[in-house]
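K.L.:
Just add 3 to wherever you are in the sequence shown, counting from 1, and you've got the numbering used here.
Just passing along the structure, written as structure tokens.
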Amino acid sequence: MKKRFSYKLLGAQVDALSILDLNLLIEESIAKNEKWIIANHNLHSLYLFHNAPKMQSFYAKAQYTHIDSMPLVFFGKLLGFPMKREQRVTYADWIWPLMAEAANKGWRVFYLGSKPGVAEQGASILRQRFPGLQIACAHGYIDMDKDSLENLATLAAINAYKPHVLMVGMGMPRQEYWISENLEHIHTNTILTSGACMDYVAGAIPTPPRWMGRVGLEWLYRLLCEPKRLWRRYLLEPWFVGTLFLREIWSISSQQKKIISKRFNKFVALSNLFKPYQ
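Here it is, written out as structure tokens:
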């Protein structure tokens, strides 16, 4: 698949891809027997990207970076990019069609991440739902030093399984750093940065109602569920991303600013439709 839907958004490269597009990319990497990183960007990753050179290095290695944030889709649309709601893909939605595709096409999946026992619990649920699914797991609470015995054993387990898809769910930026440091020793076709994906499947973390994701409010649900861990991510970091948006507007022409102003007013008018009657 050619990068027809690749955009420079808020200083970072993103690819506007749907779940179907992403599954096709995985199929392509397997057919070509190539190793691809399919990363993702949300507001938190953008904050990290602009403040951590190691994150910039990781994203430079990724073949594709899909959008995992409805606010990023809103920003993109305001800036004139033809982005659609279905091009915001989060693992809470993607995991099910991804595993269905893996079961149907015989892809072997290895999941690295979550606390001990959680990943296997999630994998058991997936095997029951998708008969024939080949999935193996290892927890992510390991010594991150690339030469540690734990890390070497983890790599050996992954490579012995010979997965077509490796999902790394250690949270940002830990998962990105682990992939960067071990990339040359990982034998797989597609590497996915999957965050708390298996925690949702296993029920270790409550899954936000899917309608909240579609209207850009999933962050609020997660904040209410884990305020101590996530308050900084959702209450402070977006201000930094907001400055990136304002800087981008400032750098464009006055004609484009008028277009953005019209789009913003239209967006506000539509948002008012969701407000309860007084």
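Cβ atoms here follow ideal geometry from the backbone N, Cα and C, with glycine treated the same way.
#1: Inspect the beta-carbon positions of residue 223 and residue 161 and report whether they are closer than 8 Å.
#2: Output the residue ranges of the beta strand (DSSP E) runs that lie fully inside the stretch 182-263 and measure 3 residues or longer, sorted by chain position.
#3: Pair every Cβ in the stretch 194-206 with every Cβ in the stretch 122-139, then say whether three or more of these pairs are closer than 8 Å.
#4: Under a three-way DSSP split, which group does residue 48 fall into?
#5: Does the Cβ-Cβ distance between residue 21 and residue 89 come in under 8 Å?
#6: By DSSP, does residue 24 sit in helix, in strand, or in coil?
#7: Determine the direct distance from the alpha carbon of residue 66 to that of residue 246, and round the result to whole angstroms.
#8: Alpha carbon to alpha carbon, what distance is there between residue 181 and residue 112?
#9: Given this structure, state the Cα-to-Cα distance separating residue 16 from residue 43, to the nearest angstrom.
#10: Mind the definition here: the stretch 35-55 touches the stretch 148-167 only if three or more C-beta pairs lie below 8 Å; say whether that holds.
#11: Can you tell me which of the three DSSP states residue 41 falls into?
#12: What is the DSSP secondary structure of residue 70, reduced to helix, strand or coil?
#13: If you draw a straight line from the C-alpha of residue 82 to the C-alpha of residue 71, how long is it?
#14: Count the other CB atoms, across all protein chains shown, that sit within 10 Å of the CB of residue 235; report buried if there are 16 or more and exposed otherwise.
#15: For my contact list, residue 193 and residue 41 are in at a C-beta cut-off of 8 Å; report their separation, rounded to the angstrom.
#16: Give me the Cβ distance between residue 243 and residue 13, rounded to the nearest whole Å; I'm assuming they're in contact under 8 Å.
#17: Just to confirm, is the Cβ distance from residue 23 to residue 175 under 8 Å?
#18: Could you work out which residue in 156, 225, 75 is closest to residue 87 when comparing CA atoms only?
#19: Use the C-beta contact count for residue 140: other C-beta atoms within 10 angstroms, 16 or more gives buried, fewer gives exposed.
#20: My output table needs one value for residue 165: the three-state DSSP class, helix, strand or coil.
#21: Please report the distance separating the alpha-carbon of residue 29 from that of residue 136.
#22: With DSSP as the reference, please indicate the residues paired to residue 170 in a beta bridge.
#23: Work out the CA separation of residue 39 and residue 61 for me, nearest whole Å.
#24: Quick one, which of 217, 19, 84, 166 has its alpha-carbon nearest residue 109's?
#25: If we ignore side chains and look at the alpha-carbon of each, how far apart do residue 241 and residue 93 end up?
#26: Just how far apart, CA to CA, sit residue 91 and residue 69?
P.N.:
Straight from the coordinates:
#1: Sequence index remark: in the sequence shown, residue 223 carries index 220 (1-based). Sequence index remark: in the sequence shown, residue 161 carries index 158 (1-based). Between residue 223 and residue 161, the gap from beta carbon to beta carbon reaches 8 Å or more.
#2: 193-196
#3: Enough Cβ pairs lie closer than 8 Å, so yes.
#4: On the sequence shown, position 45 is the one that residue 48 refers to. Residue state, collapsed to three classes: helix.
#5: If you number the sequence shown from 1, residue 21 lands on position 18. If you number the sequence shown from 1, residue 89 lands on position 86. Closer than 8 Å, so yes.
#6: For this step, residue 24 is matched to residue 21 along the sequence shown. Residue state, collapsed to three classes: helix.
#7: The residue you call residue 246 lines up with position 243 of the sequence shown. The residue you call residue 66 lines up with position 63 of the sequence shown. Approximately 27 Å, taken between the alpha carbons.
#8: One-based indexing of the sequence shown puts residue 112 at position 109. One-based indexing of the sequence shown puts residue 181 at position 178. One C-alpha to the other measures close to 18 Å.
#9: Mapped onto the sequence shown, residue 16 falls at position 13. Mapped onto the sequence shown, residue 43 falls at position 40. Rounded to whole angstroms, the gap between the alpha carbons of residue 16 and residue 43 is 10 Å.
#10: When C-beta atoms of the stretch 35-55 are compared with those of the stretch 148-167, fewer than three pairs fall below 8 Å, so the two segments do not count as touching.
#11: Here residue 41 refers to the residue found at position 38 of the sequence shown. DSSP places residue 41 within a strand segment (E or B) once states are collapsed to three.
#12: Along the sequence shown, one-based indexing puts residue 70 at 67. DSSP places residue 70 in strand when its eight states are reduced to three.
#13: Counting from one through the sequence shown, the residue named residue 82 turns up at place 79. Counting from one through the sequence shown, the residue named residue 71 turns up at place 68. Those two C-alpha atoms are separated by around 18 Å.
#14: Here residue 235 is taken as the residue at index 232 of the sequence shown, counted from 1. That one is exposed.
#15: Counted from its first residue, the sequence shown places residue 193 at position 190. Counted from its first residue, the sequence shown places residue 41 at position 38. Rounded, the Cβ-Cβ distance is 6 Å, consistent with contact.
#16: Within the sequence shown, the letter at position 240 stands for residue 243. Within the sequence shown, the letter at position 10 stands for residue 13. With 8 Å as the limit, residue 243 and residue 13 do not qualify as a contact, their Cβ atoms being about 10 Å apart.
#17: Position 20 of the sequence shown, counting from 1, holds the residue named residue 23. Position 172 of the sequence shown, counting from 1, holds the residue named residue 175. Their beta carbons are not under 8 Å apart, which means residue 23 does not touch residue 175 by this criterion.
#18: Here residue 87 corresponds to residue number 84 of the sequence shown, with the count starting at 1. Considering only alpha carbons, the answer is 75.
#19: To locate residue 140, count along the sequence shown from 1; it is residue 137. With 16 or more Cβ atoms within 10 Å of its Cβ, residue 140 is classed as buried.
#20: Numbered from 1 along the sequence shown, position 162 holds the residue referred to as residue 165. DSSP places residue 165 in coil when its eight states are reduced to three.
#21: The residue given as residue 29 occupies position 26 in the sequence shown. The residue given as residue 136 occupies position 133 in the sequence shown. Residue 29 and residue 136: Cα-Cα distance of roughly 16 Å.
#22: Taking the sequence shown and counting its residues from 1, the one referred to as residue 170 is at position 167. Per DSSP, 114, 195.
#23: Within the sequence shown, the letter at position 58 stands for residue 61. Within the sequence shown, the letter at position 36 stands for residue 39. Those two C-alpha atoms are separated by around 12 Å.
#24: As a working note, residue 109 is residue 106 in the sequence shown. Of the candidates 217, 19, 84, 166, the one whose C-alpha sits nearest the C-alpha of residue 109 is 166.
#25: Counted from its first residue, the sequence shown places residue 241 at position 238. Counted from its first residue, the sequence shown places residue 93 at position 90. Residue 241 and residue 93: Cα-Cα distance of roughly 18 Å.
#26: Your numbering for residue 91 matches position 88 in the sequence shown. Your numbering for residue 69 matches position 66 in the sequence shown. So the alpha carbons of these two residues sit roughly 8 Å apart.
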